[in-house]
Structures are given as C-alpha cells and as structure tokens.
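According to the numbering used here, the sequence shown holds residues 6 to 184 in order. For glycine and all other residues, C-beta sits at the position ideal for the given N, C-alpha and C.
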Amino acid sequence: QWNETEYVDAIIGVLLLLDFLARLWINRRPLRMVMSVYGLIDIVVIVSMLAPIVGEGLAFLRVARVLRLLRSYTMVKRLRQDFPWFRKNEQVIMSALNLGVFIFIMTALVYETQHFTNPKIGNYADALYFTVTALTTTGFGDILPATPPAQMASVAVAVTGTLYLAVVMGLLISRYTVQ
6 QWNETEYVDA IIGVLLLLDF LARLWINRRP LRMVMSVYGL IDIVVIVSML
56 APIVGEGLAF LRVARVLRLL RSYTMVKRLR QDFPWFRKNE QVIMSALNLG
106 VFIFIMTALV YETQHFTNPK IGNYADALYF TVTALTTTGF GDILPATPPA
156 QMASVAVAVT GTLYLAVVMG LLISRYTVQ
C-alpha cells in the first residue's frame, strides 16, 4: 500500500530518469558521464526515488538528494550572491555537509546490512553509534560486526572516515587560522 509521498517520489523519480536519459542521449561521451561522480550521484538519487517500486530496501539512499541539490550551480551561485557569510565559508559548509551525508550513508549501510544478522544493531541509533565509533576509530567493543563482509565494511568506514575527517579538519583549521 503506497502513500501519497511514495507516489510523488515515483513521479519525480521517473522525471529525473527521463532527464538523465535525455542528457545521456545527447552527451558525446555517455560512459564518461555515467561514471563521473555526479553521474553516479544522479543514478543513486534516481534509484532512491524509485525504490518503493521494488521495495523499501534502498530508500535510505534518499540522502543523496542533498548531493544532487548541491550540484545545482544555480543554487550555489544564488547562495553566494545572497549570503556573504555563505560566500566566505562555502568550503567549510560544503565539507561539513558532505561529512554529514557520509555519516548518514554509512549508518544506513550498516543498519541495512547488519540489523538482520547482528542482534546488537536493532535500530538506526545503534547503527549510528557503531558507525561513529568505527569512523573515529574509538571502537568501544560493545557492538561488533557479525560477519566477515561486515568486518571489511567496518575497516572501510574506519579508514575512509579517518581520511575524510583529516581533510575536513585541515580545511577548518586552515580557514580559521589567523594569518
């Protein structure tokens, strides 16, 4: 049984799919477009919008809509024009937003892959706790990955997260250091 939001998501998803297919058709290098970061983000957004058609399993990918919105040159240009504070801190804002999206996606992946096999990850809050402890390499040990693929995912989250946090902190420090 679908609700109104899922109908709207499906309609928007079909429109985005048609837009993507049209851009793909007119592009001189369609494979390059698909394999670009923004092409992959477009695909994730389209899949997330159409997820209710095949089941709710991929609905967590809807956070990628934020990345799609940030891709909009018009929106970022408008923010730069209208808000001097945004213009001055754009790099920091974008980095912090990307970090939040990264944590949300990793948490969703942990939850979707672990809540059936790991009794200690029973809800989204448990998955968030696990993700943040893996991301920051704190690893309290009270929630452990239950399967070898989950263990490898935890390693990926820890390594990627550490590198990403280093980049964000470097940007913050360089931005606010008095020169």
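Rounded Cβ spacing between residue i and residue j (contact assumed at less than 8 angstroms)
| i | j | result |
| --- | --- | --- |
| valine 39 | leucine 29 | 7 angstroms |
| valine 50 | leucine 20 | Not quite, the Cβ-Cβ distance comes to about 12 angstroms (not below 8 angstroms), so this is no contact. |
| arginine 85 | arginine 92 | 5 angstroms |
Option in the options with minimal Cα separation from residue i
| i | options | result |
| --- | --- | --- |
| threonine 141 | Pro35, Leu104, Gly18 | Leu104 |
| alanine 155 | Gln119, Pro35, Ile51 | Gln119 |
| methionine 174 | Ala139, Met99, Thr122, Tyr134 | Met99 |
| leucine 177 | Ile17, Leu22, Ile110, Leu102 | Leu102 |
| leucine 55 | Val81, Asn32, Ile16, Val106 | Ile16 |
| valine 106 | Thr136, Arg85, Ser179 | Thr136 |
Pairwise C-alpha distance: residue j and residue i
| i | j | result |
| --- | --- | --- |
| glutamate 117 | threonine 165 | 19 angstroms |
| glycine 146 | valine 115 | 16 angstroms |
| proline 35 | alanine 27 | 11 angstroms |
| aspartate 87 | glutamine 96 | 16 angstroms |
| serine 159 | alanine 139 | 6 angstroms |
| leucine 133 | serine 53 | 20 angstroms |
| isoleucine 46 | leucine 168 | 21 angstroms |
| valine 162 | methionine 111 | 7 angstroms |
| glycine 44 | asparagine 94 | 27 angstroms |
| glycine 18 | glutamate 9 | 14 angstroms |
| tyrosine 12 | serine 179 | 46 angstroms |
| aspartate 24 | arginine 37 | 17 angstroms |
| isoleucine 48 | glycine 144 | 33 angstroms |
| aspartate 131 | threonine 182 | 36 angstroms |
| arginine 33 | threonine 122 | 45 angstroms |
| tryptophan 90 | valine 81 | 13 angstroms |
| isoleucine 108 | leucine 170 | 11 angstroms |
So, do the stretch 122–136 and the stretch 151–169 have three or more beta carbon pairs nearer to each other than 8 angstroms? Two segments are said to touch when three or more pairs of C-beta atoms, one from each, lie closer than 8 angstroms; by this definition the stretch 122–136 touches the stretch 151–169.
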